[in-house]
Each structure stands twice: as C-alpha cells, then as structure tokens.
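Trainee: Residue numbers (the numbering used here), protein chains in the order written: chain A, 1 to 290; chain B, 1 to 337; chain C, 1 to 423; chain D, 1 to 166. This is the structure I have questions about; it appears just below.
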Amino acid sequence: MGYQFITADSVPHALELLERYGRDARVICGGTDLMVRLHLKRLPECVFINIRNLEELRYIREEDGMVCIGAGTTLSTLENSLLLLGKAPALFQAAQVFADPNVRHSATVGGNIGNASPSADSAPPLLAFDGQVVVARKDGRRLLPIREFFTGVGRTALEPGELVTEVRFKPNPDSAFVKVGLRNAMAISVVNIAASVDLAQDGTMKDVRIAVGAVAPTPVRAVCAENCLRGRRPEEAVIRQAMDAIQTDIKPITDVRASERYRRIVAENMMRRVVLKACRICENEGGAGR
Amino acid sequence: MIKKGTGMACMFYPNGSTGKANPAGAFIKINHDGTAVLNIGATDIGQGSNTCMAQIAAQEMGLKLSQVRVVTGDTELTPYDAGTGACRVTYIAGNAVQKTARKAKRLLLDAAARKMGLIHSGQLVIEEGEIFLRYWPAKRMTIAEAATYSERILGQPIIAVDSYSPATMPLEEESGQGMPFEVSIYATQIAEVEVDTDTGEVKVTKLVAVHDCGKMLNPMLVEGQIEGGVVTGIGYGLYEQIIEDPVEGGIRNPSLATYQIPTSLDVPEDMVIDCVEIPEEKGPYGAKGVSEPTCNPTAPAIINAIYNATGVRIRDLPATREKVLFALRELERKEEG
Amino acid sequence: MSEYQVLGVRTPRTDALLEASGQVVYGADIVYPDMLYAAARYSDYAHARILSVDVSEAERSPGVRGVITAKDVPVNRFGYKFQDQPVLADYKVYCKQDAIAVVAADTEAQAQLAAEKIRVEYEPLTPVLDPVEAMKDEVLVQEGSSNVVAHIKLRKGDVGAGFAAADKIVEEELSTQKVEHVPLEPHVALSELRPDGQLVITTSTSRAFAYITQLLKILRMDMTRLRVLTPAVGGAFGGKNDVSLEPWVALLTLKTGRPVKMVFSRKEEFFTTLRHPYRMKYKTGLKRDGAILARKIEIISDSGPYVCLGKDTLTKASVHAAGPYNIPNISVDSYLVYTNSALGGAMRGFGVPQVAFAHEVHTDTIAHELGMDPVEFRRKNLFYDRGEAATGQLLDSRAMRATFERALELEKKSNEGREEPRA
Amino acid sequence: MSEKVAVSLKINGKEVTLLAAPEQNLLRLLRENGYVEVKCGCEEGDCGTCTVLLDGLSVKSCVTPACACEGREVWTAAGVSRQERIGRLLRDNFAKYGASQCGFCTPGMMVTGVNYLMNNGVPDRQAIRAAISGNLCRCTGYKKIIDAIYHTAQELRRETAGEGML
C-alpha cells in the first residue's frame with residue numbers, strides 16, 4: 001500500500017478524509033513528532049491527513065472569559081502571545097521552554113497533546129486550567145475535558161474519524177509552569193509541573209490546581225497535594241506537607257533519562273517552586289526546598 | 001536554593017605523538033605570476049590549519065595570504081603527514097611549511113640574483129611582494145618577474161619540498177622514562193558555578209581559560225579553539241554519558257535526544273579567554289599547537305567548583321543533575337546524622 | 001597594517017564565506033553517476049560465535065547490486081601494533097557495534113531494507129562488559145590473549161621511600177565515563193573505480209595516510225592502485241582517526257564495478273570509537289607543609305574488543321597522570337583491558353582529559369585534607385620554569401605558572417567588573 | 001518508498017516542481033535535488049544542521065513533511081546569504097567574527113540567524129543565545145556565532161535608525 005499524503009483544504013474536508021480512512025488515517029500538521037517516528041521506522045504505513053494549510057485552526061482568542069486556541073496554532077505563536085503572557089502565564093512559560101525555537105515554529109498545540117507523550121510540555125498547564133478539548137467529527141463535535149483526554153502513553157480518547165480543532169480553558173494570571181530537563185534547550189522533560197491558584201484577599205488559596213507531567217503514563221492532577229494546600233496560606237509548613245502528599249499522586253519510572261527517586265525528589269521540589277511562583281512569592285524567602 | 005562556588009584546574013599537554021616519529025611534509029611551488037601553491041598532508045578538520053599554514057608560508061615568502069593556495073587531502077599528490085591529531089599540526093606541519101617556504105624563497109632569490117647579475121642572493125630581501133637589494137633598494141623587481149625568469153627562462157621551476165620531524169626518544173619499557181616530546185603547552189582554567197539544590201542542576205556562570213601556545217599566529221582561531229574546547233569540557237563534566245546495557249551490552253542512548261551535548265543555553269555567557277605569549281623558539285614564528293587539550297581542565301574545574309559551592313565532591317564523571325542531587329541529600333543526611 | 005603582515009592578525013578562515021553560504025563540499029554532498037548506496041547489518045550480540053550468514057534473501061531484495069561479508073575481505077584483520085580488528089565479523093562478533101555484512105543497492109532505502117533481510121545464526125557466548133571483571137580472564141574476548149592486553153609501567157624515583165617519609169597519605173578513587181565525539185558531520189565514504197584502474201576512496205578523515213596504510217593491507221593493493229581523498233571534514237575530534245566503513249565501500253565497488261557511497265546515520269555514528277572510560281586510583285604522600293613527596297597511580301582502561309589506539313592513549317595518559325607538579329617519586333601502572341563493550345579510540349585530549357580530571361580533583365582533595373587553600377597548594381607545587389616530567393624529561397614549563405597567575409588575575413578582575421578588553 | 005507525487009514550491013526565489021514520496025521529509029527532497037547546503041546531522045530533529053526558512057520562519061527540514069510544502073516558499077543558507085542586506089551582512093560577519101570552524105552547522109546557524117534578524121532581531125546576546133539553542137555546534141562553543149549575529153543586529157539597527165525608520 002505504501003504511505004499516502006493528502007492535504008485537507010478545510011476542516012470539513014479533513015473530517016471527511018478522516019472518516020474515509022478511519023484507522024489508517026493519521027493527522028499531521030507540524031510533523032515534529034511523526035516525522036521522527038517515521039525515520040526511526042516506528043510508524044507503520046498510513047494515510048497522512050495534512051491540516052497545516054488550515055488557517056481556520058490557527059488562532060488565540062478570548063471568548064466569554066475563556067481562552068480558545070486553535071489546534072493548528074504553533075508553539076511560537078503561544079510564546080509571542082500577550083494574551084497568554086497576561087492571563088495564562090503557565091501556558092506562556094511552557095511554550096517558552098518547549099524544545100527549541102525552530103521546532104516551535106512548526107510544532108502545534110493539537111499535535112503536542114495528540115501525540116500524548118507523558119512529558120508533553122503543553123499538557124500540565126491545560127490540565128491545571130482544567131481545560132477542554134473541542135473534538136470535531138463528520139457529524140458534529142464534542143467537548144472533552146482535558147483530564148479525560150489522555151488515556152495512556154501515546155494514547156488519547158479520540159475515536160477514528162475525530163479531529164482536535166481547539167483547546168479552551170478559563171485562564172488564570174496566578175499560574176506558573178516549571179520544567180526540569182537534562183539541559184536547557186531541546187530537552188525532553190524529566191519532570192514538568194503547572195499550578196493555577198485562586199488567591200483570596202487574605203492570601204489563602206481558595207482553590208489550587210496542580211498538574212504534573214513525566215511522572216505517570218499520562219499528565220496527572222496532584223489531587224492529594226492540592227488538598228493539603230486548598231484553603232490555606234502558601235507557608236513553608238503547609239507546602240512541606242503538600243510536598244509529602246504529592247508522592248502519592250505520582251508514579252514515576254526509571255528510564256534512560258532519570259531514575260524514579262530523582263523524579264520524586266524533583267517533583268516535590270518543583271511543586272514548591274511552581275506554587276510559590278504562581279502565588280508570586282519570591283522563592284528564597286521561603287527557605288530551602290528539601 | 002542556589003549555591004555558588006569557584007574551582008580551578010591546571011594541565012599540561014604535549015605537541016606530537018608520544019616518543020615516536022610523526023613527521024609532516026610540505027611542497028611549495030611559486031607560480032610565474034608571483035602566487036604560490038602550498039601542498040601539505042595535514043588536513044583541516046575545522047581547526048583552521050589550512051589558514052594557519054597559508055599564513056606561515058605567505059609571511060615567510062613575502063606574499064599576501066590571498067596569493068597562497070592550499071592543497072590537502074590527497075594521498076597521491078600531497079607529501080606524507082601523520083595526521084591531524086596529538087596537537088601537532090601548528091608546531092610540526094608549521095615547521096615543515098616554514099622550512100619549505102625558506103627553500104622556495106632561496107630559489108626565488110637565486111633566480112633574482114642571476115637576473116640582476118649578482119654573484120649570490122645574500123643581499124636580496126623580499127618585502128611587500130618585491131625583491132630588492134638591502135643596501136641599494138632602487139634595484140628591485142617583483143616576485144613575478146623573478147619567478148617568470150626562473151621558470152620560463154632558466155627552466156628552473158621554483159618547487160621546494162621539506163618536512164619536520166620532532167627529535168624525541170621512545171619511553172623505556174620497564175621504567176617509562178625517556179624524552180617523548182619536543183614541546184609541551186600549559187593551561188589553567190577557573191570555573192564559577194551555581195548549583196540548584198532542588199534539582200542538582202549545575203550552571204557554569206563564568207569560565208576563565210588562560211592557555212599557552214607560544215606566539216599566537218592567529219588570535220581569532222586560537223580563541224575559537226579554546227572556546228570550543230571549553231564547551232566540550234562542559235559536556236564531559238556535566239552532560240555527556242554513553243549508557244551501555246550492563247548485561248546484554250549495546251548502547252542504550254545512541255541519539256542526540258538521549259545523549260545530550262551542550263546547547264547554546266548550557267554554556268557560560270561570560271567566557272574570559274586569554275593566552276600567555278611566551279614564544280617557543282623551536283616553533284614556527286614562535287608558535288606551538290593549542291587546540292587538542294583545551295577541554296582538559298574544564299571538567300575538573302567545574303567539579304572543584306561544585307565542591308566549593310556545596311561540599312559535594314563528584315568523583316565519577318559526569319556530574320549529572322541526578323548525581324549531584326543525590327550527593328547533596330547524602331551530605332545532608334551525614335551532617336544531620 | 002600592510003596586507004603583507006599576515007601573522008598575529010585576526011584573519012578569518014580562508015573558506016569562511018564559503019562555509020557561511022553552505023558552498024563547502026562535504027563527502028555526503030558528492031554524487032557520482034549510477035552510484036550505489038550501502039547499508040550495514042550489525043551484530044545482535046555483544047559476544048557470540050557466528051554459525052552462518054545467509055545473504056541470499058538480501059541479494060534478491062529489490063535494487064540490490066551486491067552484498068559483502070568477511071569472505072570478500074582479502075585480509076580481514078587490521079590495526080596498528082595489534083592486528084586484532086576484523087573488517088567484517090568472520091567467525092565471531094566481539095561487540096554489538098560489529099558489522100557482519102554490507103549491502104549495496106540503487107537507493108539507500110533499498111539497501112537498508114535488504115540489510116534487515118540478512119539472517120545470521122549465532123552461538124551466543126557470555127559477554128564480559130566490565131573491565132575489572134574482564135581482568136580475571138574467566139571469559140576471553142580475543143582468543144589466545146589475556147584480556148589485559150597491555151600493562152604500561154612508569155617508575156621515577158622510589159615511591160616506597162616517599163610514602164615512608166610522608167607526614168600524610170591521601171588516597172582517592174576517581175572514574176570517567178564513555179563519551180562520543182559527536183562531530184556534526186557523521187562518517188561518510190565513497191569509492192570509485194576510475195577508468196585507469198585506480199580505486200579512489202573519498203572519506204571524511206583526519207589522517208588520510210594512516211587510512212591508506214591500513215587499506216593497502218586490507219585490500220592487498222599498492223599506492224598506484226589505491227588513493228584516498230579527503231573532502232571538507234565536518235568535525236572529527238579524534239573520531240575519524242580509524243578506518244571503519246572505508247573498506248566496505250571499496251570492496252562493494254570492486255564487487256559491483258560501480259561507485260558506492262555510505263553515510264552513517266547519527267545512530268551508527270555512536271557505533272564508531274568512543275573515549276576510553278578510566279578507573280583510577282591515586283595515592284599521594286605529603287609533608288605537613290604541603291610538599292608532595294610521592295604519587296602512586298593505577299589506571300584501568302576499558303578498550304572494548306580491540307586495541308585500536310587504546311595503548312597509545314593510555315601511554316600519553318600515564319605520562320601525564322601525575323599532573324604538572326614537582327613530585328620526586330612517581331609510579332604509574334596502567335592496564336588496557338579487552339571487553340565486549342563499545343570500542344574505545346582517540347578523542348580530543350587522548351587520555352589526558354581523564355587523568356587531568358583525576359589529578360586536579362585529587363589536588364583539591366589533598367588541599368582540603370591539609371587545611372590549605374587549593375590555590376596556595378598549587379602555587380607551592382606547580383612546575384617552575386624547568387619542571388621535571390614523570391618521564392624524567394626536563395620541560396620548558398615557564399608558561400605553567402604564567403597561565404596560573406594570569407587566570408587568578410582575570411578571575412579577580414572580572415569579579416570587580418573591570419574585565420580585560422581582549423576577551 | 002511509496003509512489004512519488006509532484007510538489008510545486010519556490011526555493012531561493014525560484015519556482016520549481018519536484019517529485020516527493022508521501023513520507024519523505026523536506027531535507028531529503030532538497031538534498032536529492034541539489035540543495036546540498038542543507039546538511040543532515042541526525043534526521044531526528046535534534047541538531048539543527050538542516051534548518052531552512054519555510055514561509056519566512058526557520059524550521060528543521062528533517063521533521064517537515066516534503067508534501068506539506070506544496071505552494072510554500074523555502075530559503076536555504078545559499079539563498080539567504082545572497083539576499084541583500086541581512087543575509088549578505090550576516091554572511092560577512094560570520095567570516096569576520098570567526099563564527100565557523102568545520103562549517104557543518106554553519107548553514108543552519110545562518111538561517112536561524114537570518115530568521116532572528118528578520119523578526120525584529122534586537123542586539124541582545126541572551127536573546128540570540130536562546131534563538132540558536134536549537135542548533136548544535138561542537139567546534140566553536142557558540143560564543144563567536146553569537147558575536148556575529150549580535151554585531152549584525154547592531155549594524156542593521158544603526159542603518160534603520162540612520163534612515164529615520166525608527
């Protein structure tokens with residue numbers, strides 16, 4: 001059969017192609033993940049459905065309090081978006097440290113979450129904002145909470161014939177993102193973590209959402225850590241408690257990049273750093289991490 | 001928390017192979033139009049030897065750099081050279097080129113002397129592309145005139161060949177004593193680091209590198225070699241490691257995604273590079289090689305800086321973030337215990 | 001300044017403009033008419049006997065013009081003093097990087113597809129991957145040879161007496177890892193049989209003459225019939241010092257009569273030589289005032305399955321292992337050990353980065369154990385103008401202290417913000 | 001390789017139609033058609049030697065599908081270094097400041113540098129350092145590459161300021 005490459009000239013056209021080719025179809029836009037798997041001979045023959053030309057999928061806009069980002073929007077667009085810088089710093093900061101500038105000119109949000117790598121840098125911020133994925137089909141579309149979108153390593157809840165067209169979330173200026181790789185560019189995250197905090201007047205955290213990547217088959221919400229922090233002030237003792245709690249939220253593995261023990265220590269230390277960053281507290285006031 | 005520290009390392013390294021012959025040869029042909037072809041066995045693998053060798057030949061023959069064309073990389077047409085390695089090209093091939101250029105100049109001046117009717121060429125000098133009598137500068141001719149006269153009239157092609165082989169003694173089998181090298185070079189590097197105790201990341205914030213290469217023939221090329229070596233040293237000290245399966249064998253990280261060399265964001269913005277210019281009289285125009293060992297002091301300087309910052313001494317390279325973090329934890333446990 | 005003052009000038013590389021506009025020709029950029037592309041089949045085991053190699057299916061694969069195995073190699077062993085390295089694995093594979101067969105086809109994809117169809121029957125043997133383990137010679141990597149293939153000795157003065165007279169002894173173990181040169185240009189080689197019968201090999205190498213010396217033996221040719229050309233080299237750092245794919249393309253050209261080109265993938269680049277990992281033991285005897293009386297050093301170098309440049313590297317390391325310090329009594333024992341792990345070769349620094357790491361970290365350890373500032377300890381012990389090396393050779397080491405003091409000066413000055421104009 | 005299709009695109013200002021397999025990357029398409037200034041260091045998106053401008057943005061051509069470039073515009077290092085002002089000035093400064101040694105990463109660095117300068121490239125060393133963080137170099141230690149881009153940004157800024165543009 002060999003590979004095929006079909007360029008969609010509209011979203012409906014893309015959906016029709018996805019419908020027709022079902023399991024053989026594979027959406028491609030930037031190509032920064034798929035082309036590498038292709039070179040490594042880890043991508044069986046398929047029909048590429050190219051959505052790179054679909055301008056209607058490239059936008060960042062605010063609609064009734066929600067930030068909506070087209071699936072075809074590149075990471076460099078996110079990195080240069082004043083809207084994100086102001087209203088959703090967690091996603092803005094993630095875009096800044098995503099791979100490298102030249103990859104960011106090609107890689108898209110839809111591609112990054114569609115590839116569903118456990119260490120995808122765009123996932124923790126979207127999860128921390130409790131965002132949603134707009135999934136289109138030939139006969140309609142559905143809204144899928146991002147926390148239900150990732151189902152395993154490289155696997156999502158998408159059915160054959162479905163296309164991610166947008167991610168949307170309620171932004172929060174009190175949010176932050178931290179990434180730890182093995183070097184400072186072109187680094188796959190050993191741990192990445194985002195925090196979104198609703199601060200009350202008296203400084204207590206009315207609500208807090210923390211999402212961690214590269215520590216489980218999918219990005220996960222650190223629910224136990226959140227419970228330790230919710231309703232309390234981000235003081236050292238409280239954070240120390242949450243740092244213990246996060247260990248139950250994560251199930252890191254040992255691989256060629258790092259060991260489980262390293263990921264656990266870094267996860268708790270980065271949780272402390274990202275929460276303080278989200279609450280705009282200067283880190284070294286609060287003393288040393290563990 | 002960020003802890004800062006400073007560390008130092010010294011090194012010395014030879015020019016040339018250890019106690020065995022590693023000669024370099026050169027041909028030079030001066031064309032009738034006053035340009036020259038320099039033909040050497042040593043190859044330029046990016047360190048700049050084609051430029052450096054052409055500089056030596058041009059300076060010696062009184063030509064402009066643009067008038068010397070370098071030919072290398074052909075085992076049939078170039079003379080033998082032991083190869084670009086052992087920090088030997090500037091010193092050994094450089095000496096060969098200088099000796100050959102002197103011979104070519106002698107042939108040129110002899111032809112000029114005959115054309116002028118002089119009995120020998122001792123009083124002739126070459127400056128700014130012209131040959132003239134030292135004490136009667138009005139009597140002059142261009143290099144092209146002399147070359148044309150020699151090649152096209154006298155039928156004497158101006159072709160010179162020479163080589164250089166360091167005088168060394170092999171090491172004795174039992175004691176390892178001997179005189180294995182003709183010249184050595186020295187260097188000291190100082191590294192400043194910031195260690196993030198939450199992740200074990202070591203950031204090299206400043207790197208002072210002072211090297212010795214005799215007289216610098218081309219300061220820009222020398223700096224480039226030191227800056228490149230330093231970054232190789234940073235990779236060796238902090239980032240790079242081949243991981244092999246301990247049971248089955250085979251490399252588990254054979255890609256640039258899992259075997260990570262430093263990117264531009266992993267090297268110090270503040271690189272202070274300098275050379276102490278103590279001329280080496282056995283070297284071409286006082287020069288010695290510099291490139292090969294520029295990475296040697298970097299890793300130990302960083303490891304010593306980590307110790308200075310945190311009290312943790314990493315004795316098994318590389319000092320990955322994981323290794324530094326675990327060592328920090330170990331130190332804390334010992335201090336608490 | 002006159003154009004004739006050529007030295008001491010910040011002259012750009014003569015090919016700088018060509019490099020910036022991408023007009024420099026590297027091996028991979030060269031294309032001959034009706035050229036074939038080669039792909040290799042590598043070993044599946046770190047240590048195994050080869051029972052059979054079946055290339056029949058590969059030969060029938062689409063676009064394939066020729067396949068070579070060890071049978072096609074006139075002389076299938078090469079090396080420098082030790083002729084222990086096979087061009088293609090014959091009766092045994094010694095590491096997972098060994099090539100067993102190479103295919104030439106019309107396109108690279110066809111060659112790679114065919115290479116995967118080569119069936120090899122093995123009799124797996126237990127691999128010995130750790131050098132210390134290998135030194136026990138329970139499993140021999142190269143038949144008829146102990147795994148300790150070289151023991152380099154260096155003796156200056158009497159370390160025993162030195163330790164006896166010492167107020168303090170400091171012992172330390174240090175080790176370094178395997179690293180790859182990572183030239184941005186992977187290995188590449190092309191071969192072409194010219195009408196006059198001369199076989200011309202174009203390869204990215206730092207030592208064309210060392211290559212042709214090896215290739216003449218392997219191919220049983222003389223200098224009239226074989227010629228090695230070196231195009232622009234995209235970085236080497238010592239990684240392009242040793243023959244690897246050159247004989248393969250040469251033999252495929254001789255077999256098919258057509259030009260052959262092979263470009264290593266980045267993954268294959270990791271299969272070429274690596275820097276030797278060293279395990280080092282340092283023992284230093286000192287006076288209370290910091291004077292060094294004696295230093296005993298032991299180094300174990302994992303060479304992988306062949307000597308290659310392992311012994312030469314270890315020799316240069318041993319000579320420099322004690323560091324640029326005035327030490328009357330030095331003894332060095334260095335062991336080059338065969339294992340079934342990845343092959344060691346030359347890399348920038350040639351063994352001395354390993355010992356430089358060791359002696360400079362050891363120097364800091366000693367200073368701290370004596371309660372001295374590491375700078376002062378160095379100032380006390382570094383070579384003066386006439387340093388005596390561990391080989392007994394007197395060096396012109398004026399520059400050692402010159403670089404030392406200058407570095408300290410620059411460090412202090414740059415901290416005060418008054419940075420030197422030169423940098 | 002699957003059956004090839006025609007791809008029409010503009011390369012270095014010239015309209016061309018080339019044959020590409022559906023799974024082929026842009027790097028191979030370019031090199032197989034003579035644009036060998038686009039180098040292949042890894043073909044896995046990890047080194048940057050294959051960087052080209054695609055519709056005015058620097059991208060890694062080894063992870064860019066060839067067929068996705070239908071109707072688009074590609075500039076390689078050879079193209080940009082002939083381009084008036086930015087490309088030509090950067091090429092001269094790469095030579096002047098010693099920004100290349102073996103030259104294999106240089107074409108990719110040039111394209112990334114031109115991209116930085118075209119998109120309001122301010123003379124700021126840290127911004128330049130980040131801009132080239134996707135291009136590996138093993139010879140230079142990056143310092144002189146940053147020098148070359150930095151001085152080009154300064155010269156361009158002086159020129160535009162000189163013309164009262166700012």
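C-beta: ideal position from N, C-alpha, C; glycine also.
1. The ligand ADP and Glu19 (chain C): does any heavy atom of the ligand fall closer than 8 angstroms to the residue's C-beta?
2. With H, G and I counted as helix, E and B as strand and the rest as coil, what does DSSP make of Met340 (chain B)?
3. Can you find a C-beta in chain D that's less than 9 angstroms from the C-beta of Tyr3 (chain A)?
4. When Cβ atoms are compared, which residues of the segment 8-33 of chain D fall closer than 7 angstroms to chain C?
5. Rounded to whole angstroms, what is the Cα-Cα separation between Arg125 (chain D) and Gly141 (chain D)?
6. Report the partner residues of Trp75 (chain D) according to the DSSP bridge assignment.
7. Any beta carbon of chain C sitting closer than 9 angstroms to that of Gln101 (chain D)?
8. What are the uninterrupted segments assigned as alpha helix (DSSP H) that are 4 or more residues long and contained completely in the segment 110-183 of chain A, given in chain order?
9. Hey, would you say Pro23 (chain B) sits closer than 9 angstroms to Tyr80 (chain B), going by beta carbons?
10. I want to know whether the segment 273-291 of chain B touches the segment 215-226 of chain B - three or more CB-CB distances under 8 angstroms.
11. Given a cut-off of 9 angstroms, decide if Gly48 (chain D) and Met109 (chain D) are closer than it, judged by their beta-carbon atoms.
12. Kindly say whether Gly189 (chain B), judged by its beta-carbon, lies nearer than 9 angstroms to any beta-carbon of chain D.
13. How about Ala222 (chain A) and Ala211 (chain A): are their beta carbons less than 9 angstroms apart?
14. Quick check on the burial criterion: 16 or more other C-beta atoms within 10 angstroms. Buried or exposed for Gln96 (chain A)?
15. Quick check: the Cα distance between Leu18 (chain C) and Val24 (chain C), rounded to an integer number of angstroms?
16. In chain order, what residues of the same chain have a beta carbon less than 8 angstroms from the beta carbon of Val7 (chain D), not counting five sequence neighbours either side?
17. Give me, in chain order, the residues of the same chain whose beta-carbon lies closer than 7 angstroms to that of Cys102 (chain D); leave out the 5 immediate sequence neighbours on both sides.
18. Could you give the DSSP three-state label for Asp196 (chain B): helix, strand or coil?
19. Listed in chain order, which residues of the segment 219-238 of chain C have Cβ atoms closer than 9 angstroms to some Cβ of chain D?
20. Take Asn135 (chain D) and list the residues in its own chain whose beta-carbon comes closer than 7 angstroms to its own, dropping the five residues that flank it on each side.
21. In chain D, which residues lie less than 7 angstroms from Leu7 (chain C) when you measure between Cβ atoms?
22. Is it the case that the segment 144-153 of chain B contacts the segment 255-275 of chain A, given that we only count it when at least three CB pairs across the two stretches are under 8 angstroms?
23. Going straight from the alpha carbon of Lys105 (chain B) to that of Val125 (chain B), what length do you get?
24. Does Arg378 (chain C) pass the burial test, meaning 16 or more other C-beta atoms within 10 Å, or should it be called exposed?
25. Going along the chain, which residues of its own chain have a beta-carbon closer than 7 angstroms to the beta-carbon of Asn50 (chain B), five neighbours each way excluded?
26. Quick one: what does DSSP say Pro324 (chain C) is sitting in, helix, strand or coil?
27. Report the residue from A:Lys251, A:Arg257, A:Arg263 and A:Ser196 whose alpha carbon sits nearest the alpha carbon of Arg230 (chain A).
28. Which residues in the same chain have their Cβ closer than 6 angstroms to the Cβ of Ser165 (chain B), if we skip the five residues on either side of it in sequence?
29. Buried or exposed for Asp34 (chain C), going by 16 or more other Cβ atoms inside 10 Å?
30. Got a sec: is the Cβ-Cβ distance from Leu18 (chain C) to anything in chain D below 9 angstroms?
31. Taking all protein chains shown into account, do 16 or more other C-beta atoms lie within 10 angstroms of the C-beta of Asn53 (chain A), making it buried, or fewer, making it exposed?
32. Tell me which same chain residues have a C-beta within less than 6 angstroms of the C-beta of Ala194 (chain A), skipping the five on either side of it?
33. Secondary structure at Cys46 (chain A), three-state DSSP: helix, strand or coil?
34. What are the start and end residues of the alpha helix (DSSP H) that includes Asp162 (chain B)?
35. From Pro246 (chain B) to Asp44 (chain C), what distance separates their C-alpha atoms?
36. Going straight from the alpha carbon of Gly62 (chain B) to that of Gln156 (chain B), what length do you get?
Mentor: Taking the geometry as given:
1. Of the ligands one can find in the structure shown there are none, so the ligand ADP has no counterpart to examine.
2. Any answer about residue 340 (chain B) is impossible in this case: the structure gives chain B only from 1 up to 337.
3. yes
4. none
5. 14 angstroms
6. D:Leu53
7. yes
8. 123-128
9. yes
10. yes
11. yes
12. The displayed chain sequence assigns Gln, not Gly, to residue 189 (chain B). With 9 angstroms as the cut-off, Gln189 (chain B) does not count as an interface residue toward chain D.
13. yes
14. buried
15. 6 angstroms
16. Thr17, Leu18, Leu19, Ala20, Leu29, Ala66, Cys67, Cys69 and Glu70
17. Cys139
18. strand
19. Ala232, Val233, Gly234, Gly235, Ala236 and Phe237
20. Gly48, Thr51, Cys105, Gly108, Met109 and Thr112
21. By Cβ distance, chain D contributes nothing, its closest Cβ being about 16 angstroms from Leu7 (chain C), past 7 angstroms.
22. no
23. 10 angstroms
24. buried
25. Asp44, Val70 and Thr72
26. coil
27. A:Ser196
28. Ala21 and Pro23
29. exposed
30. yes
31. buried
32. Ala90, Pro124, Pro125, Ala128, Phe177 and Ala211
33. coil
34. Per DSSP, Asp162 (chain B) belongs to no alpha helix (DSSP H); it is in the beta strand (DSSP E), Ile159 to Tyr164.
35. 15 angstroms
36. 20 angstroms
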